[in-house]
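K.L.:
Start counting at 1 in the sequence shown, then tack on 72, and there's your number in our numbering.
Just so you know, even glycine gets a beta-carbon here, dropped at the ideal spot from N, CA and C.
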Amino acid sequence: MMKGIKKWRLFSLLTALTVFLSGCGAEHLSTLNPAGQVGRDQYNLLLISGAIVTLVIIVVTIVYILTIVKFRRSKVGEDLIPVQVEGSHKLELLWTIIPIVLLLILAVPTVIYTYNLADVSGMEKVDEDGDKKAVTVNVEANLYWWEFEYPDLGIITAQELVVPTQEKVYFNLKAADVKHSFWIPAAGGKLDTNVENINQFYLTFDNSSEGLKDGVFYGKCAELCGPSHALMDFKVKSLDREDFDAWVVNMQASAEEQTLEGEVAQQGEEIFNTSCIQCHAVSGAGSAGGVGPNLATFGDRNRVAGFMDHTEDNIKNWINNPEEYKPGNLMPQPEELNKGNKFSDQELTALAEYLMGLTVED
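#1: Which partner residues does residue 236 have in the DSSP bridge list?
#2: Using a Cβ-Cβ cut-off of 6 Å (strictly less than) and excluding sequence neighbours within five positions of residue 255, which residues of its own chain qualify?
#3: Use the C-beta contact count for residue 283: other C-beta atoms within 10 angstroms, 16 or more gives buried, fewer gives exposed.
#4: Apart from the five residues on each side of it in sequence, which residues of its chain come closer than 8 Å, Cβ to Cβ, to residue 400?
#5: Tell me which same chain residues have a C-beta within less than 6 Å of the C-beta of residue 213, skipping the five on either side of it?
#6: Rounded to a whole number of angstroms, what is the C-alpha to C-alpha distance between residue 407 and residue 327?
#7: Which one or two residues does DSSP pair with residue 242 in a beta bridge?
#8: Identify the residues that DSSP records as bridge partners of residue 293: which are they?
#9: Can you find a C-beta in chain D that's less than 9 Å from the C-beta of residue 215?
#10: Does the distance from the CB of residue 336 to the CB of residue 396 come in under 9 Å?
#11: May I ask you to list the residues that DSSP assigns as paired with residue 440?
#12: Would you list the residues sitting across from residue 268 in a DSSP beta bridge?
#13: State buried or exposed for residue 296, treating a residue as buried only when at least 16 other CB atoms are found within 10 Å of its CB.
#14: Quick one: residues in its chain with C-beta nearer than 6 Å to the C-beta of residue 199, no 5 flanking neighbours on either side, listed in chain order?
#15: Taking the straight line between their C-alpha atoms, what separation do you get for residue 375 and residue 381?
#16: Measuring CA to CA, which of 313, 289, 318 is closest to residue 305?
#17: By DSSP, does residue 415 sit in helix, in strand, or in coil?
#18: Have a look at 233, 227, 117, 144 and flag the residue whose alpha-carbon is nearest the alpha-carbon of residue 180.
#19: Buried or exposed: where does residue 113 fall if 16 or more other Cβ atoms within 10 Å of its Cβ makes it buried?
#20: Using only CA atoms, which one of 433, 226, 234, 203 lies nearest to residue 218?
#21: I need the straight-line Cα distance from residue 115 to residue 122, nearest angstrom please.
#22: Does the Cβ of residue 147 have 16 or more other Cβ atoms within 10 Å, making it buried, or fewer, making it exposed?
#23: Round the Cβ separation of residue 159 and residue 278 to the nearest angstrom and send it over; I've been treating them as touching at under 8 Å.
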């Protein structure tokens, strides 16, 4: 009876693992579906190391099974002592050379790919007019959100990185508070963001993300950084070069005053300018350094606070009690912004209406 129960437990465990592993191929999130050359290089290293490990396991298993079968007690008796091979020069050379060869097979491409990824000289190349050829993004990791500045384009955004396809995009990575780690699983990475120094690398994206789930790749913080580390997500939207250039123009134009439609949205703007403007910018044109995330593209996003569905109710819930949804984040509770009182439902509705109207996409 107990053996039957144990078998069913094992079957249940294997079934659960199968369900979990079935999600490993998600195109917007998985390293098993590389979205660019860097991701493919790292995937190839994964295949090489996996093949080497599999080979070693197979050889060791075969030797182990043959040994058990050949020298089992029922076959050779109690008193047989197998031939001793201790000190055999041939065998010692064999099991010294083989591991060295296997390590070289793995080490050579690893070193090549590592040095290639560290080559960021293209970041400084300019065209005939003196403009930078490549897109460079300054990434600043904060508790628990991401800021993306395009210094050569004069624009800035947060929580959603926008990049062109079919070219190298260079990154300067740093942290504003504690160590984080920048990782876009489908594109490649990861690389730490430190407070005391800047790390640099590049990524490439083959195709537009438009056809993916939610139309974006998912990015993660891959370094345990606090109680809401698991909720420190960001999204990556890859666009064809023409669409990317149009997005840049729209972001630069967002510095101009926008006319809001609707009395509720206008009321929300008034509340925002009284309570929130000291931390959050609403223009995509400018430089980095805001206390809170830049909200210029808030209406174009698909998540609230990086992980909640982009709905009016979630916006209201987040504003009303950010600590409940992201413990340890630095956004003030509403009482600190509204003279010791919670925002009324009408005020929250107005703020949500205003924020949903912050958009740069056509």
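P.N.:
According to the data block:
#1: Its beta-bridge partners are 311.
#2: Answer for residue 255: 261, 262, 292, 294, listed in chain order.
#3: Exposed: under 16 other Cβ atoms inside 10 Å.
#4: Cβ within range, chain order: 215, 216, 298, 299, 300.
#5: Within its own chain, the residues whose Cβ lies closer than 6 Å to the Cβ of residue 213, once the five positions on either side in sequence are excluded, are 247, 252, 265, listed in chain order.
#6: Whole-angstrom Cα-Cα distance: 30 Å.
#7: According to DSSP, residue 242 bridges with 208, 274.
#8: DSSP, once it has assigned bridges, lists 254 as partnering residue 293.
#9: You won't find chain D in this structure, because it holds only one protein chain.
#10: Not closer than 9 Å, so no.
#11: This structure does not reach residue 440, given that the chain is present from 73 up to 434, and the question cannot be answered.
#12: Beta-bridge partners assigned by DSSP to residue 268: none are found.
#13: The C-beta of residue 296 has fewer than 16 other C-beta atoms within 10 Å across all chains shown, which makes the residue exposed.
#14: Around residue 199: 205.
#15: Roughly 5 Å between the two C-alpha positions.
#16: Sorting 313, 289, 318 by C-alpha distance to the C-alpha of residue 305 places 289 at the top.
#17: Reduced to three states, the DSSP call for residue 415 is coil.
#18: Closest option to residue 180, Cα to Cα, is 117.
#19: With 16 or more neighbouring CB atoms inside 10 Å of its own CB, residue 113 falls in the buried class.
#20: That would be 234, whose Cα lies nearest to the Cα of residue 218.
#21: Each residue's alpha carbon lies about 10 Å from the other.
#22: It counts as exposed.
#23: No, residue 159 and residue 278 are not in contact; Cβ-Cβ is about 56 Å, not under 8 Å.
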